[in-house]
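Some notes on the structure that comes next.
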Amino acid sequence: MDRLALAFSSILEPALLGELDKVASVRFFREGTVIVDLGQSVKMMPLLLEGAIKIMRQDAEQGELLLYYLEQGETCTMSLACCVGEKVSEIRAIAEIDSYVAMVPNVYMQEWLGKYPSWRNFIMQSYAQRMDEMLAAIDGLAFSNMEKRILDYLREKSALLDDRILTLTHQQIATDLNSSRVVISRILKKLENEDKIVLLRNEIRVLI
DNA sequence: ACATTAAGTGATT
DNA sequence: AATCACTTAATGT
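Residue numbers for the first sequence follow the working numbering, so the first one is 147 and each next one is one higher.
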């Protein structure tokens, strides 16, 4: 499949790509679609071919927190752990933009670990990268003030979408950062006064 | 014109 | 930094 080769040909060996092509089903998720929800059992492993996926941690009662984004050529490491242990998902995956995902049945995952070095590499690297991102998320919570968290959030999103103009509400930021709308609005206003951003309704322009 | 949703702000904890 | 209460502004029907 074209998309598969496009996203993974530089990462995975040809033989594995061929096998992937046979067993993976490519699915399309429109922006905003919940791909995996809390408590859902995970029987497939997603390989992101195109688009971006937002991974959120969700508390039992209320409270969500953005963990990281999945981009082209990446996979959700959480699903690996889930598949092996036959556990249910502890996170929520939402399509940030329209996305194509190759779903691989979990039976192949372990088999390929022994069979294909490039697969082993890919999984290891994914783990390392995700671990780094988790640490960054924790650092943000523990050591950063809200202002820095918001700025980082806006910058990351802007880079991800390759657009300095972001279409989103203050409430959405509050949800992603597990804060409240009022707090976000105040800090955004401050950032605007410092000429770091421009605020419009449903829109934020990142200047820095 | 009216209702709804997004954003701004002072006061309080 | 969070919550409350209220205002103002933008948008949809």
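Glycine included, every Cβ here is placed at the ideal spot set by N, Cα and C.
Anticipated Cβ contact below 8 Å, residue i with residue j, distance rounded
i: Glu177; j: Asp244; result: 5 Å
i: Ala151; j: Leu163; result: 6 Å
i: Leu226; j: Gln204; result: No, Leu226 and Gln204 are not in contact; Cβ-Cβ is about 19 Å, not under 8 Å.
Contact under 8 Å by Cβ, residue i with residue j
i: Ile157; j: Ser304; result: no
i: Ala282; j: Glu242; result: no
i: Glu220; j: Ser272; result: yes
Residues near residue i in its chain [Cβ-Cβ closer than 7 Å; skip 5 each side]
i: Arg149; result: Val172, Leu195, Glu196, Tyr246
i: Thr315; result: Asn348
Helix, strand or coil at residue i according to DSSP, with G and I counted as helix
i: Val188; result: coil
i: Ala241; result: strand
i: Ser171; result: strand
i: Ile181; result: strand
i: Glu196; result: strand
i: Arg310; result: coil
i: Tyr299; result: helix
i: Gln208; result: coil
Same chain, Cβ closer than 8 Å to residue i, five either side skipped, listed in chain order
i: Val344; result: Glu338, Ile350, Arg351, Leu353
Alpha carbon of residue i to alpha carbon of residue j, nearest angstrom
i: Arg347; j: Gly286; result: 27 Å
i: Lys342; j: Leu166; result: 45 Å
i: Thr179; j: Lys200; result: 10 Å
6 Å Cβ shell around residue i - same chain, five flanking residues per side excluded
i: Leu300; result: Val352
i: Ala320; result: Ser326, Arg327, Ile330
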